[in-house]
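Numbering (our numbering), first residue to last: 1215 to 1541.
Note that beta-carbon positions come from the ideal geometry of N, C-alpha and C, so glycine has one too.
Bear in mind that the values here come from a model prediction, so they are computed numbers and not experimental data.
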Ligand SMILES: Nc1nc2c(c(=O)[nH]1)N[C@H]1C(S)=C(S)[C@@H](COP(=O)(O)O)O[C@H]1N2
Ligand SMILES: [Mo]
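This is how it looks when you write it as structure tokens:
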């Protein structure tokens, strides 16, 4: 769906092909190759609606923990995105490949919720989300978020530094990477019935990235528990990387000496690599990354290298120049 526009960089985000297109193309090709007809995926229907889908589940026992104190160190260069945009326009392929998935995501049960910590750690363990919340010092941070599809937002997230979680996990000296796994439950997440996606959603980081001060485990948003559509009850947020690196609704955190293979690498590695650091000068194979559309105002603004967080993270990559760091 190429649209003629005056200048290439003015191409609006809706004309950029979303991440799903390749998969859908692949689905079609595979189905044709097999001589089979694939039924259109059923429209997911929420089995339960929360009182206030934009503000967390009414039954969420963590609601009393919020709001938490803001850490003022992390400043925005733009206004906070109105919650009505950022909690209503989501990428969460488990529920849908289009952005309107709030209703479908309400079907996710978020209590009990257990996180398994395994791999190269002193002693593998499991911890319930409320026990974890009780152990961690929660704070609020204002971060910008840049999706690889060239839209962006600015959000007050609540949570705790990923490095505090790493300390709790006690990785062994030989651990070089951390791997995040999202829940797998095709009964509540209809997208997981689509077998051409390599479920469950896996993401990963180096230990140096995971222990960088910016890496954040998010449990809240806008002074309330994080809504299901945004990754309740716990997700990752990495503001210098494209949004797909920030896995939602995490059930397992593993430590390993091998670079984890990610969901998006399995799907289309040429477009979505392991590093995926934001860089306006490195286009996606099918669209420019030079500018981004700001959710809410639809203004187009220039994208910054490392999404503007270079002072914190650029040095992480000094010894990695031969890697494909930006796509
Ligand atoms: N499990 C899971 N995590 C995910 C995704 C997903 O589809 N499934 N989408 C990613 C992408 S592409 C982006 S941009 C962000 C979107 O987060 P938001 O919906 O809270 O804005 O979540 C990321 N985390
Ligand atoms: Mo994204």
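Within the DSSP secondary-structure output, residue 1340 pairs in a beta bridge with 1330. For residue 1319, the enclosing alpha helix (DSSP H) has its first and last residue at 1316 to 1319. With contact defined as three or more Cβ pairs closer than 8 Å, the segment 1406 to 1417 and the segment 1459 to 1468 are in contact. In the displayed model, residue 1413 falls within coil according to three-state DSSP, outside both helix and strand. Residue environment for residue 1505: buried (at least 16 other C-beta atoms within 10 angstroms of its C-beta). A residue is called buried when at least 16 other Cβ atoms come within 10 angstroms of its Cβ; residue 1443 meets this threshold and is buried. Judged by their CB atoms, residue 1395 and residue 1464 are nearer to each other than the 8 Å cut-off.
Around the beta carbon of residue 1320, a 10 Å sphere encloses 16 or more other beta carbons of the protein chains shown; the residue is thus reported as buried.
The three-state secondary structure of residue 1373, taken from DSSP, is strand.
Contact annotation: residue 1295 and residue 1369 have beta-carbon atoms nearer than 8 Å. At the C-beta level, residue 1471 and residue 1387 stay beyond 8 Å of one another.
Annotated three-state conformation of residue 1367 is strand, per DSSP. Looking at the DSSP output, residue 1454 sits in no beta bridge, so it has no partner there. Ligand 1 never approaches residue 1310 closely enough for any of its heavy atoms to be under 7 Å from the residue's Cβ.
Residue 1503 is classed as buried because its beta carbon has at least 16 other beta carbons within 10 Å across all chains shown.
Segment contact: the segment 1507 to 1514 against the segment 1280 to 1299, three or more CB-CB distances shorter than 8 Å; contact assigned. The C-alpha of residue 1523 lies about 15 Å from the C-alpha of residue 1367. Not one heavy atom of ligand 2 sits closer than 7 Å to the Cβ of residue 1354.
Take the alpha-carbon of residue 1450 and the one of residue 1409: they are about 25 Å apart. It is roughly 21 Å from the alpha-carbon of residue 1513 to the alpha-carbon of residue 1314.
For the options 1488, 1500, 1467 and 1490, the alpha carbon positioned closest to that of residue 1328 is the one of 1467. Under the three-state reduction of DSSP, residue 1354 is assigned to strand.
Residue pairing by DSSP places residue 1522 opposite no residue, since no beta bridge is assigned to it.
A direct Cα-Cα distance of roughly 22 Å separates residue 1480 from residue 1424. DSSP places residue 1466 in the strand class (E or B) of the three-state scheme.
Between residue 1290 and residue 1356, the C-beta gap is smaller than 8 Å, which places the two residues in contact.
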